[in-house]
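Be aware that the sequence shown starts at 1, since it is given in full-length UniProt numbering, and climbs by one per residue.
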Amino acid sequence: MRRARVLTRHRAPDRVPVRVALGERAVLGEHDQEWPDFVWATLAQGLGGWMPADVFRIDEAGATAQQDYDTRELDADPGDVITLERQHAGWWWAHDAQGRSGWIPDRAIELIQES
1 MRRARVLTRH
11 RAPDRVPVRV
21 ALGERAVLGE
31 HDQEWPDFVW
41 ATLAQGLGGW
51 MPADVFRIDE
61 AGATAQQDYD
71 TRELDADPGD
81 VITLERQHAG
91 WWWAHDAQGR
101 SGWIPDRAIE
111 LIQES
């Protein structure tokens, strides 16, 4: 796995993280202004969150998740070193030194060149 140094403070939004499971149905709404690859997805239980549009397959009845996705974001401060697992739509799924995990935007970090 790759490592990165946090450049700018990142805080998760003040809302409950939402998880969608493979095969779960959702109603898709507007696209995010700042992150156009993201769409507001509302799940059957009424919870909603910003998710990459490519997580879903759209059909005439709505949308179906093509993979699991978790909207949890990772709080991080400048200078923190984090471990990166995977990248999706301009964000990285990352882990910090305290064992917490979540998404952090690519623009908030710099990759550490491993020797």
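Yeah, the Cβ is synthetic: ideal placement off N, Cα and C, and Gly gets one too.
Quick caveat: nothing in here was measured; it's all calculated off a predicted structure.
Run through the DSSP bridge pairs and tell me what residue i is partnered with.
i: Ile104; result: Trp92
i: Ile58; result: Ala63
i: Arg2; result: Leu84
i: Glu110; result: Arg5
i: Ala41; result: Leu28 and Gly49
Return helix, strand or coil for residue i, following the three-state DSSP convention.
i: Phe77; result: In the sequence on display, residue 77 carries Asp and not Phe. Coil, per DSSP.
i: Ala53; result: helix
i: residue 119; result: This structure cannot settle anything about residue 119, because the visible part of the chain is limited to 1 through 115.
i: Leu28; result: strand
i: Asp70; result: strand
Is residue i near residue j, with beta carbons less than 8 angstroms apart?
i: Asp75; j: Arg19; result: no
i: Leu7; j: Ile109; result: yes
i: Gln87; j: Leu22; result: no
i: Gly102; j: Ala41; result: no
i: Phe56; j: Ala89; result: no
i: Trp92; j: Asp106; result: yes
i: Pro17; j: Arg100; result: no
i: Met1; j: Glu85; result: yes
When burial is assigned at 16 or more other CB atoms within 10 Å of the CB, is residue i buried or exposed?
i: Ala44; result: exposed
i: Gly29; result: exposed
i: Ala94; result: buried
Per the contact definition of three or more C-beta pairs closer than 8 angstroms, is the region 57 to 65 in contact with the region 77 to 88? no
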